[in-house]
Structures are given as C-alpha cells and as structure tokens.
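Heads up, the thing below is written out as structure tokens.
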Amino acid sequence: MSTAAPLSSPARVLVVGGGGRENALAWALTRSQGVERVWVAPGNGGTAELEGCEQLAIAESDQEGLLAACREQAVELVVVGPEAPLAAGLADRLRAAGIPVFGPGADGAQLEASKQWAKALMQDAGVPTAGYWPASSREEALAALEAQGKPLVVKADGLAAGKGVTVAETMEEARTAIEEIFAGRFGGEASLVLEERTHGPEVSVFALTDGERMVLLPPAQDHKRIGEGDTGPNTGGMGAYAPAPLLDAAGLEQVRQLVLEPTLAALRARGISYRGVIYAGLMLTEHGPSVIEFNCRFGDPECETLMPLLGPELAAVLLACATGRLDQAPELSIAPLCSACVIAAAQGYPGAIRKGDPISSALQPNASLQLFHAGSRREAGGTCLTNGGRVLAVVAQATDFDSAFEKAYTGLSQVTFEGMTYRRDIGHQVRSR
Ligand code: AMP
Ligand code: GLY
0 MSTAAPLSSP
10 ARVLVVGGGG
20 RENALAWALT
30 RSQGVERVWV
40 APGNGGTAEL
50 EGCEQLAIAE
60 SDQEGLLAAC
70 REQAVELVVV
80 GPEAPLAAGL
90 ADRLRAAGIP
100 VFGPGADGAQ
110 LEASKQWAKA
120 LMQDAGVPTA
130 GYWPASSREE
140 ALAALEAQGK
150 PLVVKADGLA
160 AGKGVTVAET
170 MEEARTAIEE
180 IFAGRFGGEA
190 SLVLEERTHG
200 PEVSVFALTD
210 GERMVLLPPA
220 QDHKRIGEGD
230 TGPNTGGMGA
240 YAPAPLLDAA
250 GLEQVRQLVL
260 EPTLAALRAR
270 GISYRGVIYA
280 GLMLTEHGPS
290 VIEFNCRFGD
300 PECETLMPLL
310 GPELAAVLLA
320 CATGRLDQAP
330 ELSIAPLCSA
340 CVIAAAQGYP
350 GAIRKGDPIS
360 SALQPNASLQ
370 LFHAGSRREA
380 GGTCLTNGGR
390 VLAVVAQATD
400 FDSAFEKAYT
410 GLSQVTFEGM
420 TYRRDIGHQV
430 RSR
C-alpha cells in the first residue's frame, strides 16, 4: 500500500511558452478541476484574453525570472511548452527548488535535442527506426554517404526549429545538405546523422509519463506542408486532426509496446526519470511503425487539436506525472469525438512574413469551437496584432470529421487579418466533402 498523501489537483499553475500550444494548454488548465489561477510566461494575444489566466512578461529562457515568479505566486505546477527551455535545463532548475514540473530535465530532453543520442537510445532499446550513420565531421559524413551510394536523409544533430532535416532525392542534394550543416548553418559544433529513407504515412503519438507509467492520447495527424495537396515547403504544421484512424486501438497498443515502453526503460537505464510528454513522430511502414523522431514536448498544432478532447482531470494528471505518481492520478477522460484544427498563417509563411497587422474576430467560441492564438500579441490598447508565422488556430469537435471540419472552417471564416493564409484541405484524408 502506498503511504504517499492522496493526490490533489494543483490550484496554481504556470505555463511556459508563447505559442498556440501554450494557449491551448493554458485554456485546458483553466478548465481543469481544482485549478484556480493560471499564469503564462510570456504568452501571446490569446492568453492575454483568456479568463482565469494572467500574463507574465518573462522570457522562456529566463530561468531565474521564472523561478522567482513561481515563488512569488506560490505556483504548484509548471508546464513547459517548448523544447528549448527544457533542453537548457529549466525543469532541472525548478525541480531543484522543489517545484513540480511537467517536462523532462536536460538529460531527457536529449531525446529531441540530439538526434545522435536519440538514435543510439532507440538502437539500444530495440525500438524500430531507420538505420543510421552518425558523423561529427564533414569528411566522415561525406564518406558515409558515398559508402552507402544512395541519397540518405540528412539530419542536423541539435535543435534546428524544424529546419534541420533534408530528405534528399539525389546524392548531390544529400552532399549539399551535409556541407550546409558543417558550414555552421545550425550553429555550435556541427554533427549529424544520415538515415535510411523509409516510406509510409506519418502520425504523431503522445504519451504523458511520470518516468514509469504512461497515459496515451489519441493519435494525431499533422499537415506539415504549406500547400494544398501536401505540396511546397515544410512548416511547423498547417492543421491537424485526431484521432487519426491510421492507428486504431490495436495499432496504438503496438506503439506502446514496441516504442514507448522500451524507450522509457532505456531512459531509466540511463538514470533518467522522464516526467513530461514523449512525442513520437512515427512512419507507418509496410514493416510496422518506425520512429522518425522523438520530441520532448507536445506537437503544435497537435496540442491545440487534442486539448479540447481531454477532461477536467488534466491538471491532476500532469501534476502526477511531474511528481512520479501517475498511479495515483484520476483517470484522464477523453471525449469520443473527432477534433479538427486549421491554422491561419501570416502571408509569406514559412519564409519571410508580414507582421503587425490587426486581427479581427467575430468568432464566438463554444463548447465545441475554440480559437487559439499562436503568433499574436496584444497592444496596451487591447488590439491584437499578428506577430509570427502561424497566427491563429481554429479548432472544432463533432461526432464525425466532416462536421468537425465544417465547423472549424466556418469559425475560420469569422476571423481575418491582412494576408491571412490557410489550407482548405486540412483533413482531406478523413473528409468526404
Ligand atoms: P522533422 O523536421 O524531424 O520533423 O522531419 C521532417 C520530415 O522529414 C518528417 O516529417 C518526415 O516526413 C521526413 N523524414 C524524416 N526522416 C525520414 C526518413 N528516415 N525517411 C523518410 N522521411 C523522413
Ligand atoms: N507539428 C509538428 C511539431 O510540433 O513538431
């Protein structure tokens, strides 16, 4: 029998970050049982307008500022949204001061922050993933490429804000990608992995974990390309839906057994107590699921898509992950609905973007329709201005995907800003109209 005190919900929660993901997290936490107050640092125009939520003008990189705010506001749980502060050790700093954090320490964040480290861990754990060759010099990388004699996928080792991967079609393209990495395009000491190319549809799986146990969220389907028909350059994600039918309950269970359990065991074997979310980017190949990448955070816009499906136990579950007591958490209820998310991006995205345009919205959110802000900021007078590549996320839920997307696109037609860009075909895989 456990002697630990019964688990309660945190009343005072701080969300770190300022994107659409953090707007969705803050929104879901304000609706969670037992939560009285949510702070977001630094937040955006959407969190500035969120009832029950207060903005803190503290950068996600300012560990001392965030720690001081936690002490001043008696914060009981910190939820860290983005990968950069996790890789920089924010969770370690706050935990050392006794504050529960949902998000791994710098050791666990290497799952995302170092492709070499993550690939080695997957290999040790027997997790299905494409064959790879690590290299720490230009010569070593070029030699490995020539030895394989075929265009490999080239991945910069460190955090590259989604821009570190080249799926080369030709040897020349692969060589150029290698040269760019060692020319210092991604900063710091360059290293990379070359990877065998795999084929199949992609899907995102999220496991909330306390380092021992896990709760899986419905699988989500992202849309990475800027253009309709999945064409054009890669973006952070132009829309998403969940649950992705590509992975049914049996498929998700297979991912738990083949990928997530062995990964957690390998983390523990390295002495890492991973408390946060593991985001597995999977490719469903003809031989089964294969890990394309791990991230140490929620996906964006997958997070916006998933949060409205989760029940009011969320804050208690995240606290239980943070404190290593997921076995004592209430069961996280997940609505058996289809969730659809469409991103409105700034003109020019994913290249040079327009910024500073007023956002106007007549959208009335309701129980099954949400408007989250990503790249926006609120001026002193109260006007929201565009302030990033992905500006807004409109999310809707219904009993089928056709209705959910219809609702989301109707919502989107009620918001506007100069140069607003969006894909009309998000969810094409699951829509009949
Ligand atoms: P990332 O920037 O890590 O999200 O990767 C970008 C995209 O590159 C992924 O979503 C995949 O579509 C593709 N990709 C990454 N690794 C591979 C691989 N081994 N084989 C084929 N495509 C890949
Ligand atoms: N939507 C992809 C990501 O968050 O990396």
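If you're matching positions, the sequence shown starts at 0 in numbering that gives the first Met the number 0 and goes up one per residue. Yeah, the Cβ is synthetic: ideal placement off N, Cα and C, and Gly gets one too.
Our two residues, G148 and M170, have alpha carbons roughly 8 Å apart in a direct line. Closer than 7 Å to some heavy atom of the ligand AMP: that describes the Cβ of A129.
Distances from the CB of G163 to the heavy atoms of the ligand AMP include at least one below 7 Å. In the DSSP assignment, R70 falls within the unbroken alpha helix (DSSP H) covering 62-71. The Cβ-Cβ distance between P218 and V192 does not fall below 8 Å. Taken from the Cβ of K118, every heavy atom of the ligand AMP lies 7 Å or farther away.
In the three-state DSSP reduction, T398 falls in the coil class, being neither helix nor strand. Y131 sits in a strand when the DSSP states are folded into three classes.
Annotation for Y273: P103, G107, T208, G210, L263, L266 place their beta carbon closer than 7 Å to its own, counting only its chain and skipping 5 residues before and after. Assigned with DSSP and collapsed to three states, Q327 falls in helix. The beta carbons of L55 and V77 sit about 12 Å from each other, so the pair does not count as a contact at 8 Å. Between I358 and V390, the C-beta gap is smaller than 8 Å, which places the two residues in contact. Closest option to A319, judged by alpha-carbon separation, among E48, V214, V164: V214.
In the structure shown, V429 falls within a coil segment according to DSSP collapsed to helix, strand and coil.
When C-alpha distances from E312 are compared across Y240, E21, A27, the shortest belongs to A27. A Cβ-Cβ separation of about 19 Å leaves T230 out of contact with A345 under the 8 Å criterion. Segment contact: the segment 83-102 against the segment 279-287, fewer than three CB-CB distances shorter than 8 Å; contact not assigned. Between Q72 and R30, the gap from beta carbon to beta carbon reaches 8 Å or more.
Looking at the backbone, the Cα of A129 and that of V164 are separated by about 14 Å. A Cβ-Cβ distance of about 7 Å is found for the pair A112 and E82, placing them in contact under the 8 Å criterion. The criterion of a C-beta distance shorter than 8 Å is satisfied by Q32 and A314. Residue environment: G51 is assigned as exposed (fewer than 16 neighbouring CB atoms within 10 Å of its CB, all protein chains considered). In the structure shown, A206 falls within a strand segment according to DSSP collapsed to helix, strand and coil.
V290 has its CB no nearer than 7 Å to any heavy atom of the ligand AMP. For C302, the enclosing alpha helix (DSSP H) has its first and last residue at 301-305. Residue pairing from DSSP places E292 in a beta bridge opposite G280. For P261, the enclosing alpha helix (DSSP H) starts and ends at 260-268. In this structure, A105 sits near D91, with a CB-CB distance shorter than 8 Å. Around the beta carbon of D399, fewer than 16 other beta carbons lie within 10 angstroms, which makes this residue exposed. With contacts defined by Cβ atoms closer than 8 Å, L246 and P127 do not form a contacting pair.
Cα atoms of V290 and A379: separation of roughly 45 Å, rounded to the nearest angstrom. The continuous stretches of beta strand (DSSP E) do not include T29, which lies in the alpha helix (DSSP H) extending over residues 19-29. Counting C-beta pairs closer than 8 Å gives fewer than three between the segment 319-333 and the segment 294-302, which falls short of the contact rule.
Residue list for the ligand GLY: D221, G236, G298, D299 (CB closer than 5 Å to any heavy atom, chain order). Between F293 and the set L259, V37, D424, the nearest pair of CA atoms involves L259. For the ligand AMP, a non-hydrogen atom lies closer than 7 Å to the CB of T197.
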